[in-house]
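Colleague: One structure coming up, written as structure tokens, with questions to follow.
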Amino acid sequence: MATSSGRHWFGVRKDLDQQRSSLLMALSFLLPLLIWCIASYGPWWEVAHQVQISAESPRLQSIYIVGNRLEPGTWEEFQNAIKLDNEEILKAKESRTPLESSTRQNKKVLRQIYQPAMINGWLARGQETDDEAIRQVWLKLAAGELTAGRQEISSENLEIVKENAKLLQASGAEWPTQSLLKLLPEASEEVARPVYLVPPDVVATSFWKGITATKPEATESGDEGAMKKTLLERYAESWRTIVLGFLLAIVIAVPLGLLAGTYDFFSKLFEPFVNFFSYMPAPAFGVVLMAIFGLDSGPKIMLVCLGTLPGAVLMLAKTTRRLDGALLEAAQTLGANQRQMLANVVVPGVLPNLYNDLRLLFGTAWTWLVIAELLGFKSGLAEVIDTHGRRFQFEIVYPAILMIGLSGFIMDQLLGFLGRFFFPWVDQPAQGFLASISSKIAGGLRRLTATKEAAPTATAAIEAEEAAKAALTLQSTEPPEEPEEESEATLGAVAKKSEP
Amino acid sequence: MLKRYLLKVGLTMSLALACSAFHAMGAPLKIGYSDWPGWVAWEIGIKKGWFKEAGVEVEFVWMDYVKSMEAYAAGQLDGVTMTNGDALVTGATGKPSVAIVINDFSNGNDMIVAKPGIESLKDMKGKTIALEEGFVEHLLLLKGLELNGMAEGDITIKNTPTNSTPQVFASGEVDAIGAWQPNSGQALKLVAGSKAIFTSKDVPGLIYDALYVDRDSLKSRREEWLKVAKVWNKIVEYMADDDNLDDALEILAGRVGVTPAEYEPLLAGTKLLSAEEALKVWEKADGLGSIYGSSKVVDDFNVKFGVYAKPADIAAYIDPSIAKEALGK
Numbered sequence: 001m002a003t004s005s006g007r008h009w010f011g012v013r014k015d016l017d018q019q020r021s022s023l024l025m026a027l028s029f030l031l032p033l034l035i036w037c038i039a040s041y042g043p044w045w046e047v048a049h050q051v052q053i054s055a056e057s058p059r060l061q062s063i064y065i066v067g068n069r070l071e072p073g074t075w076e077e078f079q080n081a082i083k084l085d086n087e088e089i090l091k092a093k094e095s096r097t098p099l100e101s102s103t104r105q106n107k108k109v110l111r112q113i114y115q116p117a118m119i120n121g122w123l124a125r126g127q128e129t130d131d132e133a134i135r136q137v138w139l140k141l142a143a144g145e146l147t148a149g150r151q152e153i154s155s156e157n158l159e160i161v162k163e164n165a166k167l168l169q170a171s172g173a174e175w176p177t178q179s180l181l182k183l184l185p186e187a188s189e190e191v192a193r194p195v196y197l198v199p200p201d202v203v204a205t206s207f208w209k210g211i212t213a214t215k216p217e218a219t220e221s222g223d224e225g226a227m228k229k230t231l232l233e234r235y236a237e238s239w240r241t242i243v244l245g246f247l248l249a250i251v252i253a254v255p256l257g258l259l260a261g262t263y264d265f266f267s268k269l270f271e272p273f274v275n276f277f278s279y280m281p282a283p284a285f286g287v288v289l290m291a292i293f294g295l296d297s298g299p300k301i302m303l304v305c306l307g308t309l310p311g312a313v314l315m316l317a318k319t320t321r322r323l324d325g326a327l328l329e330a331a332q333t334l335g336a337n338q339r340q341m342l343a344n345v346v347v348p349g350v351l352p353n354l355y356n357d358l359r360l361l362f363g364t365a366w367t368w369l370v371i372a373e374l375l376g377f378k379s380g381l382a383e384v385i386d387t388h389g390r391r392f393q394f395e396i397v398y399p400a401i402l403m404i405g406l407s408g409f410i411m412d413q414l415l416g417f418l419g420r421f422f423f424p425w426v427d428q429p430a431q432g433f434l435a436s437i438s439s440k441i442a443g444g445l446r447r448l449t450a451t452k453e454a455a456p457t458a459t460a461a462i463e464a465e466e467a468a469k470a471a472l473t474l475q476s477t478e479p480p481e482e483p484e485e486e487s488e489a490t491l492g493a494v495a496k497k498s499e500p
Numbered sequence: 001m002l003k004r005y006l007l008k009v010g011l012t013m014s015l016a017l018a019c020s021a022f023h024a025m026g027a028p029l030k031i032g033y034s035d036w037p038g039w040v041a042w043e044i045g046i047k048k049g050w051f052k053e054a055g056v057e058v059e060f061v062w063m064d065y066v067k068s069m070e071a072y073a074a075g076q077l078d079g080v081t082m083t084n085g086d087a088l089v090t091g092a093t094g095k096p097s098v099a100i101v102i103n104d105f106s107n108g109n110d111m112i113v114a115k116p117g118i119e120s121l122k123d124m125k126g127k128t129i130a131l132e133e134g135f136v137e138h139l140l141l142l143k144g145l146e147l148n149g150m151a152e153g154d155i156t157i158k159n160t161p162t163n164s165t166p167q168v169f170a171s172g173e174v175d176a177i178g179a180w181q182p183n184s185g186q187a188l189k190l191v192a193g194s195k196a197i198f199t200s201k202d203v204p205g206l207i208y209d210a211l212y213v214d215r216d217s218l219k220s221r222r223e224e225w226l227k228v229a230k231v232w233n234k235i236v237e238y239m240a241d242d243d244n245l246d247d248a249l250e251i252l253a254g255r256v257g258v259t260p261a262e263y264e265p266l267l268a269g270t271k272l273l274s275a276e277e278a279l280k281v282w283e284k285a286d287g288l289g290s291i292y293g294s295s296k297v298v299d300d301f302n303v304k305f306g307v308y309a310k311p312a313d314i315a316a317y318i319d320p321s322i323a324k325e326a327l328g329k
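If you read the protein sequences in the order shown, they are chains A and B. For the first sequence, UniProt numbering begins at 1 and goes up steadily by one. For the second sequence, UniProt numbering begins at 1 and goes up steadily by one.
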């Protein structure tokens with residue numbers, strides 16, 4: 001029995017004891033997490049430069065803004081470009097033919113001080129285009145009235161500030177027409193991880209930030225732009241899409257499946273085409289769905305429905321067909337008519353398996369979600385994944401992916417757990433994760449409080465209970481599976497979940 | 001009794017029909033727009049409420065570029081922003097349209113970006129490039145090859161959605177990509193030392209960006225489209241003033257989700273056309289200075305490279321009358 005083989009980690013076809021299986025279950029999640037940590041916190045990443053003061057140069061094809069991370073080579077190129085620009089300006093000045101520059105250009109040069117000025121508290125947030133305030137910062141900094149607290153400014157840059165302040169003062173309230181010197185780029189040193197390898201702590205913080213974010217204020221035009229909805233609102237959108245799509249699919253599939261599984265007439269009428277249709281990729285109908293159902297949530301719901309439907313019909317028909325023939329014969333013997341057989345024998349008889357089928361189907365519905373949400377207007381979590389994925393903001397993408405994964409997983413476990421209450425007479429082959437966790441927590445508590453003998457007694461009690469349930473099972477005398485023309489996949493799925 | 005009942009039903013139904021017809025008349029014009037700087041500029045009119053002011057109900061639908069053309073072809077939009085080349089492609093394979101507003105021409109934002117070590121298109125011989133086949137960057141590449149005296153077969157093309165090109169480029173799978181801003185800029189940033197080896201600045205006027213609308217909608221709702229064109233003129237005028245630039249940049253950058261500082265250089269690669277400048281482009285002429293000439297060049301390419309089979313009736317895709325009327329000419 002389970003307890004006697006518990007001493008060994010490896011025993012052919014032997015169950016592990018509760019303690020060991022809980023440990024392994026935890027490890028199955030902890031190991032990937034550990035690999036993730038090693039990969040992202042490992043010592044193999046070199047140094048990158050995160051821009052704190054930026055600049056623009058026609059010598060460069062890219063514009064780097066504060067927060068960008070640059071490789072050492074690019075960083076050097078960036079600095080050299082700005083130095084060359086400044087040298088040119090100085091040279092022209094010395095030869096008494098100073099370079100001209102537009103007001104706009106000069107304003108942009110001055111604005112590069114905004115980031116350190118904000119961090120040091122010289123400017124408030126949102127003043128990045130307040131050119132007069134920025135100009136005052138330059139003048140005060142040159143006069144030595146401001147001292148850097150949180151973010152130092154290099155002595156080279158302070159020289160540049162002083163040089164430019166002379167020009168600013170000379171032009172009075174007007175803007176100088178001569179070219180101002182550019183601040184040299186400054187950066188903090190960062191770990192040069194690839195963008196897609198976001199460390200766990202960053203993902204966790206971003207996840208927390210996402211789910212606790214409050215709704216941003218609506219814009220005057222009431223436009224719902226890409227950034228206007230919170231993560232939770234998008235999550236709700238995704239749920240709506242998947243639940244409606246799934247419900248629509250089963251509303252159609254359940255009657256069709258029951259009919260096809262009960263009457264050969266309907267089986268031959270529906271199943272060949274449905275089987276054929278199930279091989280056609282649902283996303284290929286995207287444009288058609290858009291043409292028929294518009295750009296809003298219509299085509300998304302329909303895609304989830306279309307993706308789930310064919311499999312559902314086949315699976316439900318198969319389940320219905322596997323109902324024990326003896327039950328039907330008994331009912332006929334008792335004088336049941338066609339309608340009574342269907343309503344009083346077939347439907348209640350297949351209900352537990354039907355429930356399990358639907359649970360599995362709900363799982364497959366999740367796989368259609370991301371494709372569906374990109375149809376027409378992007379919506380839901382897929383919008384976050386797609387939009388931010390393109391901008392390489394993976395710290396925002398991963399929490400959204402995680403939410404989909406967790407939702408599917410937890411929902412499946414929850415439905416499995418509930419199934420045990422709905423149909424207590426059915427022997428559940430695989431214990432749900434939640435159910436096993438709850439029993440494991442209970443078992444752990446018992447071990448902590450009681451003596452060692454308490455555990456086997458508890459196990460025995462559970463076993464007795466399960467034996468009682470098995471005795472109640474309707475389909476304990478199920479005939480061996482007959483080969484039928486259904487696809488391998490359907491057969492496999494059905495066989496897996498109804499092992500005797 | 002039955003007769004009266006039928007009459008009642010008939011009346012209700014015709015009333016309902018009349019209502020829906022009336023509703024269709026009053027429904028806002030639906031326009032799909034995407035992340036090209038010249039089109040994001042419509043956002044200024046939206047945010048400032050200028051459409052309401054002009055007395056026209058417009059619903060701008062923010063979409064992925066290719067998807068917006070699909071939605072237009074599927075009949076879900078009354079108008080869509082696209083390049084003159086893509087309008088011909090969409091017309092040949094999906095649904096024809098007609099240009100009523102020319103927003104800009106691409107002046108460097110469309111780029112072929114190559115890995116470090118590749119200095120020109122000539123170095124691309126025997127190498128691979130990722131771009132969206134049959135659409136505007138494909139055309140840019142073909143034009144570049146022609147100018148460099150190269151054949152189409154000299155470069156292997158990997159068909160890739162434009163929005164995914166930065167990722168594909170960063171992965172190192174290909175030697176170059178073809179994309180427009182902001183994608184092309186992203187690619188440049190992602191791969192240190194990469195370079196734009198051929199851009200639309202080398203062939204100004206090859207790519208015009210315009211508002212294309214449904215031909216029937218233009219006929220039945222001409223007055224409304226005219227108002228839309230007038231708002232565009234107001235937008236261009238607003239953006240031409242340096243003092244408004246910060247405000248404009250904030251609106252544009254906000255729509256795309258980057259910072260204004262990042263967005264500013266993208267405007268330099270987009271030559272927004274003032275109403276007067278656009279008038280010249282509307283004139284019938286050969287060469288890239290006119291939308292007729294430019295579309296002819298594109299059409300020849302499309303036929304030559306099998307994007308579609310028969311040459312298009314170019315004049316049917318262009319209607320300068322709205323632009324002229326909006327200026328009072």
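From the three backbone atoms N, C-alpha and C, an ideal C-beta is built for every residue, glycine too. These numbers come from a predicted model, not from an experiment.
Would A/W9 be called buried (16 or more neighbouring beta carbons within 10 Å of its own) or exposed?
Modeller: For the purposes of this step, residue 9 of chain A is taken as the residue at position 9 of the first sequence. Taking a 10 Å sphere around the C-beta of A/W9, we find fewer than 16 other C-beta atoms and assign the residue as exposed.
Colleague: According to DSSP, is B/G32 part of a helix, a strand, or is it coil?
Modeller: Numbered from its first residue, the second sequence carries residue 32 of chain B at position 32. Correct three-state label for B/G32: strand.
Colleague: Using 7 angstroms as the limit for Cβ to Cβ distance, is B/P265 near chain A?
Modeller: Position 265 of the second sequence, counted from the first residue, corresponds to residue 265 of chain B. For B/P265, the answer is yes, since a Cβ of chain A falls inside 7 angstroms of its Cβ.
Colleague: Assign A/M280 to buried or exposed, taking buried as 16 or more other Cβ atoms, counted over all protein chains shown, within 10 Å of its Cβ.
Modeller: For the purposes of this step, residue 280 of chain A is taken as residue 280 along the first sequence, with counting starting at 1. Exposed: under 16 other Cβ atoms inside 10 Å.
Colleague: Is it true that the CB of B/I207 sits closer than 7 angstroms to the CB of residue 331 of chain B?
Modeller: Missing from the structure shown is residue 331 of chain B; chain B here goes from 1 to 329 and no further.
Colleague: Between A/A48 and B/G75, how many whole angstroms is the CB-CB distance? I'm expecting something under 8 angstroms.
Modeller: If you number the first sequence from 1, residue 48 of chain A lands on position 48. If you number the second sequence from 1, residue 75 of chain B lands on position 75. 49 angstroms between Cβ atoms; not a contact.
Colleague: Alpha carbon to alpha carbon, how far is A/N337 from A/A331? Give it in angstroms, no decimals.
Modeller: Your numbering for residue 331 of chain A matches position 331 in the first sequence. Your numbering for residue 337 of chain A matches position 337 in the first sequence. In a straight line, the C-alpha of A/A331 is about 9 angstroms away from that of A/N337.
Colleague: Three or more C-beta pairs under 8 angstroms: does that hold for the segment 66–82 of chain B against the segment 114–130 of chain B?
Modeller: no
Colleague: With three or more beta-carbon pairs closer than 8 angstroms as the criterion, would you say the segment 182–190 of chain B touches the segment 127–135 of chain B?
Modeller: no
Colleague: Near B/A312, which residues of its chain fall below 7 angstroms by C-beta distance, leaving aside the five closest residues on each side in sequence?
Modeller: Sequence index remark: in the second sequence, residue 312 of chain B carries index 312 (1-based). Cβ within range, chain order: L88, G91, A92, D299.
Colleague: How is B/F135 classed by DSSP in three states: helix, strand or coil?
Modeller: Indexing the second sequence from 1 puts residue 135 of chain B at position 135. Here B/F135 sits in coil by DSSP.
Colleague: In chain B, what lies closer than 8 angstroms to A/T74 by C-beta?
Modeller: The residue given as residue 74 of chain A occupies position 74 in the first sequence. Going along chain B in sequence order, the residues near A/T74 (Cβ under 8 angstroms) are A192, G193.
Colleague: Should A/A226 be flagged as near chain B, meaning a C-beta pair shorter than 7 angstroms?
Modeller: For the purposes of this step, residue 226 of chain A is identified with residue 226 of the first sequence, where counting begins at 1. In this prediction, A/A226 has a pLDDT of 43, which is less than 50 and means its spatial position is unreliable; what the coordinates show is noted afterwards. Yes, contact with chain B.
Colleague: DSSP three-state call for A/Y64: helix, strand or coil?
Modeller: As a first step, residue 64 of chain A must be located in the first sequence, where it is residue number 64. Correct three-state label for A/Y64: coil.
Colleague: For B/H23, which residues of its own chain have a beta-carbon under 6 angstroms away from its beta-carbon, when the five flanking residues on both sides are left out?
Modeller: Walking along the second sequence from the start, residue 23 of chain B turns up at place 23. In this predicted model, B/H23 has a pLDDT of only 45, less than 50, meaning its place in the structure is not dependable; the value taken from the coordinates is given anyway. Correct list: empty, nothing qualifies.
Colleague: Pick out whichever of B/F60, B/I129, B/I44 has its Cα sitting closest to the Cα of B/G32.
Modeller: To locate residue 32 of chain B, count along the second sequence from 1; it is residue 32. The shortest C-alpha separation from B/G32 is found at B/F60.
Colleague: Taking the alpha-carbon positions, what's the A/D412 to A/I35 distance?
Modeller: Here the question's residue 412 of chain A lines up with position 412 in the first sequence. Here the question's residue 35 of chain A lines up with position 35 in the first sequence. A/D412 and A/I35: Cα-Cα distance of roughly 26 angstroms.
Colleague: According to DSSP, is B/L211 helix, strand or coil?
Modeller: Locating residue 211 of chain B in the second sequence gives position 211, counting from the first residue. Note: B/L211 maps to strand in three-state DSSP.
Colleague: Would you call A/S171 buried or exposed, if buried means 16 or more other Cβ atoms sit within 10 Å of its Cβ?
Modeller: The sequence position of residue 171 of chain A within the first sequence is 171, counting from 1. So A/S171 ends up on the exposed side.
Colleague: Between B/W282 and B/V101, is the Cβ-Cβ spacing less than 7 angstroms?
Modeller: Taking the second sequence and counting its residues from 1, the one referred to as residue 282 of chain B is at position 282. Taking the second sequence and counting its residues from 1, the one referred to as residue 101 of chain B is at position 101. No, Cβ-Cβ distance for B/W282 and B/V101 is not below 7 angstroms.
Colleague: If you drop the 5 nearest sequence neighbours on each side, which residues of the same chain put their C-beta closer than 6 angstroms to that of A/L141?
Modeller: Along the first sequence, one-based indexing puts residue 141 of chain A at 141. Closer than 6 angstroms at Cβ, skipping near neighbours: V161.
Colleague: Just grab the DSSP bridge partners of A/L70 for me.
Modeller: Against the first sequence, residue 70 of chain A aligns to sequence position 70. Looking at the DSSP assignment, A/L70 forms a beta bridge with A/H49.
Colleague: Assuming A/G408 and B/A192 form a contact by the criterion Cβ under 8 angstroms, report the distance between their Cβ atoms to the nearest whole angstrom.
Modeller: Taking the first sequence and counting its residues from 1, one reaches residue 408 of chain A at position 408. Taking the second sequence and counting its residues from 1, one reaches residue 192 of chain B at position 192. No, A/G408 and B/A192 are not in contact; Cβ-Cβ is about 39 angstroms, not under 8 angstroms.
Colleague: Please state if the CB of A/I371 and the CB of A/P283 are separated by a distance shorter than 7 angstroms.
Modeller: Here the question's residue 283 of chain A lines up with position 283 in the first sequence. Here the question's residue 371 of chain A lines up with position 371 in the first sequence. It is a contact, given that the beta carbons lie within the stated cut-off.
Colleague: I want to see whether chain A comes within less than 7 angstroms of B/D246, judged by CB atoms only; does it?
Modeller: Reading the second sequence from its first residue, position 246 is the one you call residue 246 of chain B. Judged by the 7 angstroms Cβ criterion, B/D246 is in contact with chain A.
Colleague: Shorter than 7 angstroms from the beta carbon of B/N109 to some beta carbon of chain A?
Modeller: Sequence index remark: in the second sequence, residue 109 of chain B carries index 109 (1-based). Cβ-Cβ to chain A under 7 angstroms: no for B/N109.
Colleague: Which runs of the alpha helix (DSSP H) spanning at least 4 residues fall entirely within the segment 275–355 of chain A, listed in chain order?
Modeller: 286–293, 298–321, 325–333
Colleague: Apply the 10 Å Cβ neighbour rule to A/R135 and answer buried if 16 or more other Cβ atoms are within range, or exposed otherwise.
Modeller: Residue numbering aside, residue 135 of chain A sits at position 135 when the first sequence is read from its first letter. It counts as buried.
Colleague: State whether the segment 243–250 of chain A contacts the segment 302–319 of chain A, with contact taken as three or more CB pairs (one from each stretch) at a distance under 8 angstroms.
Modeller: yes
Colleague: Is any beta-carbon of chain B found at less than 7 angstroms from that of A/A92?
Modeller: Working through the first sequence from its first residue, we reach residue 92 of chain A at position 92. Among the CB atoms of chain B, none fall inside 7 angstroms of the CB of A/A92.
Colleague: Taking the alpha-carbon positions, what's the B/L17 to B/A210 distance?
Modeller: Counting from 1 along the second sequence, the entry for residue 17 of chain B is found at position 17. Counting from 1 along the second sequence, the entry for residue 210 of chain B is found at position 210. With a pLDDT of 45 at B/L17, under the threshold of 50, the modelled position of this residue cannot be trusted; read the value that follows with caution. Rounded to the nearest angstrom, the two C-alpha atoms are 35 angstroms apart.
Colleague: For the alpha helix (DSSP H) containing A/V170, list its first residue and its last residue.
Modeller: As a position in the first sequence, residue 170 of chain A is number 170, starting the count at 1. Sequence inspection shows Ala at residue 170 of chain A; the Val mentioned does not correspond to that position. Per DSSP, A/A170 belongs to the alpha helix (DSSP H) from 155–170.
Colleague: Opposite B/D79 in the DSSP bridges: which residues?
Modeller: Along the second sequence, one-based indexing puts residue 79 of chain B at 79. According to the sequence shown, residue 79 of chain B is Gly rather than Asp. Answer is B/I31, B/V213.
Colleague: Distance cutoff 7 angstroms, beta carbons only. Does A/V287 sit that close to anything in chain B?
Modeller: On the first sequence, residue 287 of chain A is found 287 positions in, with the first residue counted as 1. Answer yes: the Cβ-Cβ gap between A/V287 and chain B drops below 7 angstroms somewhere.
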